[in-house]
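In my numbering, the protein residues as written are 4 to 251.
Ideal placement from N, C-alpha and C gives every residue a C-beta, glycine not left out.
What follows is a single structure, written as C-alpha cells, with notes after it.
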C-alpha cells in the first residue's frame, strides 16, 4: 500500500509541474502564484536530515517573500506528528482530496466516445478554453499557467468536445509507468448533464489502455459528490486521501 501511494505521489508531481520549485532537504517547495494548492505547497519526497523546527520557519519565510500563504501537503507518507506540529502552529486543513484508482484490465466501458477529439499535444486553444470553463480570469495565472502545461514531460492525451468552434468540455490523460492519470475534467455549465464528462473519462481510459496503461488514477476534492459518483460508476475506488495545512 505505501509503495503504491509513493508511486502515485511521484507521478502526480510529474503530471503537474509548478512555475517555480526549490529542493530543500527532502522537501520540494512549489510556487505558482497560488494557482492551486498542489502547485503552491511544500511536499515531502525524500529523506530529510534537518529538524522540523528549522525547516518550517524557513518555508514560511520563502512563501512570505513570494506573497502567498505557506501551505504543506499532508499525505499518508507524512508523519502524523508533523501534521500535529502544523496544527499547533495555527495551520488549518483545506482541500481534502481523495485519490481513486482502477485496474484497466478487462472489458472497456460501454460508452460511446464519438464526440471526443484526442490529441497528444496540449494546445494553447485547449488551455485557454479550460481557463474559460473554470471561469479563471486572474491575469497572472492566464499568463503563467500555460507554461506549466507545456512543461509536462510525460506523454499526454488531450481530450475535448467541440460545439461549433468552441471547446465545451476538456480532459487530460498523463501517462507514467503503467498508469494513466486523469486530469482537467471540466464541462461548460450550459452543457452539463449530457454525459460529456463520462465520454471524456471513458475515452481517455480507452486511449490510455491502447498506449500501454494498465491502471488509472485521479484526484477528486472531498465534497464533489457528482464527480465521485461518476468516477465510481466508471470503476474507480478510493485508495487514500491527502489534505493541505494552510497558514494565513
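- By the Cβ-count criterion, residue 179 is buried, with 16 or more other Cβ atoms from all chains shown falling within 10 Å of its own Cβ.
- Taking the C-beta atoms as reference points, residue 214 is found nearer than 8 Å to residue 158.
- Contact check for residue 173 and residue 129: beta-carbon distance about 7 Å, within the 8 Å limit, so the pair qualifies.
- The beta carbon of residue 147 is closer than 8 Å to those of 22, 35, 36 and 38 in its chain, skipping five residues each way along the sequence.
- With respect to the C-alpha of residue 171, the residue from 132, 224, 33 and 82 having the closest C-alpha is 132.
- A residue is called buried once 16 or more other Cβ atoms fall within 10 Å of its Cβ, and residue 137, having fewer, is exposed.
- Assignment of beta-bridge partners to residue 39 by DSSP yields no partner.
- Rounded to the nearest whole angstrom, the CA to CA distance from residue 76 to residue 182 is 22 Å.
- In the structure shown, residue 48 adopts coil according to DSSP, grouped into three states.
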